[in-house]
């Protein structure tokens, strides 16, 4: 019997959490307004965290909270209060890095489950076993870990520790995230949630004695991406990770859109469910193509199959052939209309594609009649977040997504 693994999705806001669960995520990882490594995501205040946890538990799903900054001495009084609060609202686990913060958490919330963040750079079974002996329930392995490393680590830790790995999304050019580029170039501390992603900037290099003569390296007409990493995509190899002993598959992207969450969760959920049902792992072409419909850099399998000379370098910017057109808010039976919140421009005659967890997945809808909330006919829909009514017999549900292929291709 195939062991079922957790599908863990990013949620930088309540809307993204709702989307992730709607499309089949088993758990979401989120952050409060402090002590997480994504200071520029919307994140969750105390009331929002409590509400999110309660909502997840009604669905028999889980919420993990990231508390993975590298804290300074002055942070610990507030951390203590935060741990007590998170324990009181029933958070399922904390994702942490710092040994001192972990020790404090265990002293004030001894029953709280703790997962060790990838920031801790765990690359071997002996380190993983050490953390298990400290009461850690799960380790998020470093992205530099190979499948063979994972197998050997699982052999060492056995059932004493769960292993979690990233399977999709952006990769930090630094060793699992400990980077000072942002600090140096912008004074924003990447290890305290303020990374400006300086590794993604466009650079040209000039030799000191040849000013005005930029050197050509890996370059396109936009500049040189000397530190630009490809995005990870392990959709074709989930069975190998399961066999290696992985318990949770993690998708990167707390700062990405609801559309990204919907698309990536769809692909991985459907691929896993097909495996559980048939015992044969063979993702369909439509699922492989699904991951091409979100904005991304060129894909790589990272270090899972060993070091690759060009694994990190990419000359591209994130792009996609598809546009996020609308998030569905429901269906009006009396009007036979899909209720939607617009995200991208579309017009009468356009063909929209459905992204849904049910049988409506990949259905096409030709735009014919669209009305605003006052009943006015709209032929050119161009106002973001406007609530619209799209005439259609296709019954869609809250959090479904509509998208459209770019016309300029």
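Residue numbers (our numbering): 19 to 427.
The C-beta atom is built at its ideal place from N, Cα and C for all residues, glycine as well.
Rounded Cβ spacing between residue i and residue j (contact assumed at less than 8 angstroms)
i           : j           : result
residue 361 : residue 337 : Incorrect: roughly 17 angstroms between the Cβ atoms, too far for contact.
residue 375 : residue 42  : 6 angstroms
residue 269 : residue 286 : 7 angstroms
residue 94  : residue 122 : 6 angstroms
residue 322 : residue 413 : Wrong, their Cβ atoms sit about 41 angstroms apart, outside the cutoff.
residue 88  : residue 116 : 6 angstroms
residue 174 : residue 147 : 6 angstroms
residue 290 : residue 256 : 7 angstroms
residue 23  : residue 356 : 34 angstroms between Cβ atoms; not a contact.
Beta-ladder partner(s) of residue i, from DSSP
i           : result
residue 419 : 345, 373
residue 266 : 24, 182
residue 409 : 355
residue 156 : 133, 180
residue 365 : 398
residue 314 : 337
residue 113 : 84, 133
residue 175 : For residue 175, which the question treats as bridged, DSSP gives no partner whatsoever.
residue 165 : Beta-bridge pairing links residue 165 to no other residue.
residue 382 : 371
residue 251 : 186
residue 47  : 28, 82
residue 389 : 395, 407
residue 350 : 355
Which listed residue (the options) has its alpha carbon closest to that of residue i
i           : options            : result
residue 98  : 367, 118, 281      : 118
residue 347 : 354, 359, 339      : 359
residue 131 : 420, 112, 140      : 112
residue 47  : 27, 64, 39         : 27
residue 20  : 62, 159, 296, 128  : 296
residue 410 : 384, 393, 398      : 384
residue 366 : 129, 142, 29, 388  : 388
residue 85  : 63, 392, 70, 52    : 52
residue 79  : 139, 248, 40, 298  : 40
residue 315 : 67, 187, 139       : 187
residue 265 : 313, 139, 159      : 159
residue 309 : 298, 324, 299, 288 : 288
residue 378 : 284, 69, 250       : 284
residue 124 : 143, 139, 152, 144 : 152
residue 313 : 324, 424, 139, 91  : 424
residue 351 : 311, 90, 415       : 415
Cβ shell of residue i (< 6 angstroms), same chain only, five flanking positions each side left out
i           : result
residue 34  : 276, 279
residue 185 : 252, 267
residue 163 : 141
residue 398 : 365
residue 404 : 360
residue 107 : 68, 71
residue 38  : 27, 29, 46, 279, 283
Cβ-based neighbour list, residue i, same chain, cut-off 7 angstroms, excluding 5 preceding and 5 following
i           : result
residue 263 : 168, 169, 172, 181
residue 258 : 165
residue 161 : 136, 184, 189, 194, 320, 321
residue 380 : 304, 371, 372
residue 353 : 407
residue 36  : 417
residue 65  : none
Contacting residues, own chain, Cβ-Cβ under 8 angstroms from residue i (five flanking each side not counted)
i           : result
residue 422 : 340, 341, 343, 362, 364, 368, 369, 370, 371
residue 126 : 98, 101, 102, 105
residue 382 : 369, 370, 371, 372
residue 82  : 26, 45, 46, 47, 48, 109, 110, 111, 112, 113, 133
residue 179 : 146, 147, 149, 150, 154, 155, 156, 157
residue 311 : 281, 338, 339, 340, 421
residue 63  : 50, 51
residue 143 : 170, 171, 172, 173, 174, 175
Residue burial classification, residue i (beta-carbon count within 10 angstroms, cutoff 16)
i           : result
residue 294 : exposed
residue 137 : buried
residue 402 : exposed
residue 282 : buried
residue 420 : buried
residue 417 : buried
residue 96  : exposed
residue 239 : Caution is warranted here: a pLDDT of 49 is assigned to residue 239, below 50, making its placement in the model unreliable, and the coordinate value is therefore given only provisionally. Label assigned to residue 239: exposed.
residue 77  : exposed
residue 176 : exposed
residue 393 : exposed
residue 274 : buried
residue 71  : buried
residue 298 : exposed
residue 50  : buried
residue 230 : exposed
residue 324 : exposed
Residue-level contact to chain B via CB, residue i, 9 angstroms cutoff
i           : result
residue 262 : The structure shown contains no chain B; it is built from a single protein chain.
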